[in-house]
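Scroll down for the structure; my scribbles are underneath it.
There are 2 protein chains.
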Amino acid sequence: MIDRAFIDALASKEPTPGGGGASAYTAALASALASMVGNLTIGKKKYAAVEAEMCAGLDRLAALRERLLGLIEEDALAFAPLAATYGMPKDTPVEQELREAAMQKALIGAIEVPLEIMRQCRCVIEQTDLMASKGSRLALSDAGVAAVFAKAALLGASLNIFINTASLTDASLADQYNSEANDIIREGSEMADRVFDSVMSQIR
Amino acid sequence: MIDRAFIDALASKEPTPGGGGASAYTAALASALASMVGNLTIGKKKYAAVEAEMCAGLDRLAALRERLLGLIEEDALAFAPLAATYGMPKDTPVEQELREAAMQKALIGAIEVPLEIMRQCRCVIEQTDLMASKGSRLALSDAGVAAVFAKAALLGASLNIFINTASLTDASLADQYNSEANDIIREGSEMADRVFDSVMSQIR
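Chains as they are written, first to last, in the working numbering: chain A, 51 to 254; chain B, 51 to 254.
Following this line, the structure appears as structure tokens:
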């Protein structure tokens, strides 16, 4: 049942999959754990009053999972043009200019994919919050694990944004990306920490 | 390349794999990312001085990864006897006593596996520290992602310890387990935060 291919590919010296793809994957694991907490309520008399809410949350989590798994491939595809610019000639001023322009264009793709991963992570945390508060008590600890994983995925993806915005020459665009990333880190981390701390206080 | 089987199994209402197995898996992802940082130095003149250290770290990370992937199965095997006790009869005092004794025995197994996952997570963080400081600068952000993932795995596994020590009747044994878990959380989190913050400050 264990996916050795993805783990082996991560461990290799090939640049992708790397931290961006692994972050999308870890957010997908978080989404799956949150789904488990919801799935344990379906058809149970004790949870009849929240069944519609649980079903909606489960649909949302499944859609987030699909999107996140797709973003692993998108992350690799966005890195390829950036990697290609490293090998471009830079002997003449014209070559340097062409290389720089290609690099600036490729950087944007390599920023926007992890930013999208971060947005999806925040949505996973919102649904995890729902599952931790109204999902099955039997799997409360799994909701806590989902929260801490989704936060880690969000922070992991942010590194791939900051490393690339640092090379953007358009300072205003860099600020805009950094600002959105910082907002998601702040809001997402607060929400995830609240869910995790609440779970911890209920189980100890 | 993506492992849908593990993710689908996590999302299902079956109790395993759950947060414990997912924590072991996430720590294995962290170990793989740390290995990538080391693998990018091998055979490179720039890193010749640290090649022996990198090779030793890579061997250690590969061994940790194997152990962690094995612990996913061990976690499921340790949960089965605990789940079985929930279904034992409890109508007479003798039945209640038998059920309680079986549960206390099963709890120990369900605590020791996530505790072992936590110990392995701490080792992954130690090796990630090495890779972040002496591994390839090209993959510095991946070392940061590895650190934040290994910390999340450690915190995730700890929930499965605390939820079970809360049901142990042997208070001294419960204290012993909780104390080791708290020590690993403190030491491991400090080390992981230091690596992550160092990476973040170098890339921004």
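Heads up, the beta-carbon is just placed ideally off N, CA and C, and yes, glycines get one too.
Mind checking if residue i is an interface residue toward chain E, Cβ cutoff 8 Å exclusive?
i: LYS96 of chain A; result: The chain inventory of the structure shown lacks chain E, comprising the protein chains A and B.
Rank the options by C-alpha distance to the C-alpha of residue i and give the top, closest one.
i: GLY238 of chain A; options: A:ALA202, A:SER217 and A:ALA134; result: A:ALA202
i: ALA126 of chain B; options: B:SER85, B:GLY159, B:GLU150 and B:ALA152; result: B:GLY159
i: ASP243 of chain A; options: A:ALA216, A:VAL198, A:ILE234 and A:LEU204; result: A:VAL198
i: CYS105 of chain A; options: A:MET138, A:MET181, A:ALA134 and A:LYS96; result: A:MET181
i: GLU152 of chain B; options: B:LEU132, B:ASN210, B:ALA84 and B:PRO164; result: According to the sequence provided, residue 152 of chain B is Ala. The question's Glu does not apply to it. That would be B:LEU132, whose Cα lies nearest to the Cα of ALA152 of chain B.
i: ALA77 of chain A; options: A:ILE253, A:ALA189 and A:GLY206; result: A:GLY206
i: GLN154 of chain B; options: B:LEU60, B:SER229 and B:THR215; result: B:THR215
i: TYR136 of chain B; options: B:SER73, B:MET241, B:SER217 and B:ASP233; result: B:SER217
i: ALA99 of chain A; options: A:LEU148, A:LYS184 and A:ILE57; result: A:LYS184
i: GLY88 of chain B; options: B:THR142, B:MET168, B:ASN210 and B:THR178; result: B:THR178
i: ILE92 of chain A; options: A:ALA61, A:GLU101, A:GLU64 and A:TYR75; result: A:GLU101
i: LEU114 of chain B; options: B:LEU190, B:ARG172, B:ALA193 and B:MET241; result: B:ARG172
i: ARG54 of chain A; options: B:SER81, B:ILE235 and B:PRO143; result: B:SER81
i: LEU165 of chain A; options: A:ASP141, A:LEU118 and A:ARG149; result: A:LEU118
i: MET168 of chain A; options: A:SER186, A:VAL195, A:LEU111 and A:ALA200; result: A:ALA200
i: SER85 of chain B; options: B:SER62, B:GLN226 and B:ARG110; result: B:ARG110
i: SER73 of chain A; options: B:LYS94, B:PHE129, B:VAL245 and B:ASP192; result: B:ASP192
i: ILE211 of chain B; options: B:ASP58, B:ARG149 and B:ILE235; result: B:ILE235
i: MET250 of chain A; options: B:TYR227, B:LEU209, B:GLU230 and B:ALA221; result: B:LEU209
i: GLU9 of chain B; options: B:ASP233, B:GLN226, B:GLU240 and B:THR219; result: As displayed, chain B neither begins before 51 nor continues past 254, which places residue 9 of chain B out of reach and without an answer.
i: LEU79 of chain A; options: A:ALA128, A:ASN232, A:PHE129 and A:GLN170; result: A:GLN170
i: GLY120 of chain A; options: A:ALA59, A:GLN226 and A:VAL163; result: A:VAL163
i: GLU64 of chain B; options: B:GLY107, B:ALA130 and B:LYS96; result: B:ALA130
i: PHE246 of chain A; options: A:ILE175, A:LYS94, A:SER62 and A:TYR227; result: A:ILE175
i: GLY194 of chain B; options: A:ASP58, A:SER186 and A:LEU204; result: A:LEU204
i: LEU108 of chain A; options: B:ASP58, B:ARG149 and B:LEU90; result: B:ASP58
i: LEU188 of chain A; options: A:PRO139, A:LYS94, A:ILE122 and A:GLU240; result: A:LYS94
i: PRO67 of chain B; options: B:GLU124, B:ASP141 and B:GLU150; result: B:GLU124
i: GLU230 of chain A; options: A:GLU145, A:ILE161 and A:MET241; result: A:ILE161
i: ILE213 of chain A; options: B:LEU90, B:LEU223, B:TYR227 and B:GLN252; result: B:GLN252
i: ARG134 of chain B; options: B:LEU60, B:ARG254, B:ALA61 and B:ALA156; result: Checking the displayed sequence, the identity of residue 134 of chain B turns out to be Ala instead of Arg. Per the Cα distances, B:ALA156.
i: ALA196 of chain A; options: A:ASP233, A:MET241 and A:ALA221; result: A:MET241
i: LEU90 of chain B; options: B:ILE122, B:SER248, B:THR142 and B:SER186; result: B:SER186
How would you write the range of the alpha helix (DSSP H) that residue i sits in, first residue to last?
i: ARG292 of chain B; result: One cannot answer for residue 292 of chain B here, as it falls past the ends of chain B, which runs 51 to 254.
i: PRO139 of chain B; result: No alpha helix (DSSP H) contains PRO139 of chain B, which DSSP labels as neither H nor E.
i: ILE57 of chain B; result: 54-61
query = In the region 168-200 of chain A, which residue ranges form an unbroken beta strand (DSSP E) of at least 3 residues, counting only runs that do not cross its ends?
reply = Listed in chain order, the beta strand (DSSP E) runs fully inside the region 168-200 of chain A amount to none, counting runs of at least 3 residues.
query = Which parts of the region 56-131 of chain B are runs of the alpha helix (DSSP H), unbroken and 4 residues or longer, counting only runs that do not cross its ends?
reply = Taking only runs of at least 4 residues, the alpha helix (DSSP H) segments lying wholly in the region 56-131 of chain B are 69-89.
key: Residues of the region 68-83 of chain A with Cβ closer than 9 Å to any Cβ of chain B, in chain order   = When C-beta distances to chain B are compared with 9 Å, the residues of the region 68-83 of chain A below that value are GLY68, GLY69, GLY70, ALA72, SER73, TYR75, THR76, ALA78, LEU79, ALA80, SER81, ALA82 and LEU83, in chain order.
query = At a Cβ cut of 9 Å, what residues of the region 171-184 of chain B count as close to chain A, listed as they run along the chain?
reply = When CB distances to chain A are screened at a threshold of 9 Å, not a single residue of the region 171-184 of chain B falls below it.
query = Listed from N- to C-terminal order along the chain, which residues in the region 98-116 of chain B have their beta-carbon within a distance smaller than 9 Å of any beta-carbon of chain A?
reply = For the region 98-116 of chain B, which is checked against every Cβ of chain A, the residues closer than 9 Å are LEU108, LEU111, ALA112 and ARG115.
request  = May I ask you to list, following chain order, the residues of the region 236-250 of chain B that have a beta carbon less than 9 Å from some beta carbon of chain A?
outcome  = From the region 236-250 of chain B, only PHE246, VAL249 and MET250 have a Cβ closer than 9 Å to chain A.
task = Would you list, in chain order, the members of the region 151-165 of chain A that have their beta-carbon closer than 9 Å to a beta-carbon of chain B?
result = Within the region 151-165 of chain A, not one residue has a Cβ closer than 9 Å to any Cβ of chain B.
Members of the region 216-233 of chain B near chain A, C-beta cut-off 8 Å = Those residues of the region 216-233 of chain B placed with their C-beta closer than 8 Å to a C-beta in chain A are ALA216, ordered along the chain.
request  = Give, in chain order, every residue of the region 114-139 of chain A whose Cβ lies closer than 9 Å to some Cβ of chain B.
outcome  = Residues of the region 114-139 of chain A with a C-beta less than 9 Å from any C-beta of chain B: ARG115, LEU119, ILE122 and GLU123, listed in chain order.
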